[in-house]
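**Q** Questions regarding the structure given below will be posed in turn.
Numbering (my numbering), first residue to last: 36 to 153.
Okay, structure coming up:
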């Protein structure tokens, strides 16, 4: 998923934003990444022969989410981005939709590992 997320960021910066603008590019990129996460999760949990418990799936989702959000803050720190700017990416009241990515990461193991294929 990390490779897909990085590729998505490249797509956003090189194709989407120049063609549709900053905000629309952000929204489209987020929708594409959410779709990719759902697809990857569905394929993984459909293809694995492991019968995960509900608690294990919660831990997988929490792990994916913590790693992703932690990576975002780490990259922001390395680039010198203020924490307030990184936090602002999660502000739905300001029209930001990025929160859909960590929510999808958190919920997709439960959706596909327990509900759909369980």
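Glycine included, C-beta positions come from ideal geometry on N, C-alpha and C. Computed from a predicted structure; not experimentally measured.
Should residue 85 go down as buried or exposed, given a rule of 16 or more other Cβ atoms within 10 Å for buried?
**A** Burial call: exposed.
**Q** Among 132, 137, 146, which has the Cα closest to the Cα of residue 60?
**A** When each option's Cα is compared against that of residue 60, the closest is 132.
**Q** Please classify residue 48: is it buried, with 16 or more other beta-carbons within 10 angstroms of its beta-carbon, or exposed?
**A** So residue 48 ends up on the exposed side.
**Q** Would you mind working out which of 57, 102, 55, 66 sits nearest residue 43, comparing C-alpha positions?
**A** The residue with the shortest Cα to Cα distance from residue 43 is 66.
**Q** Tell me whether the beta-carbon of residue 148 lies closer than 8 Å to the beta-carbon of residue 92.
**A** Contact flag set, yes.
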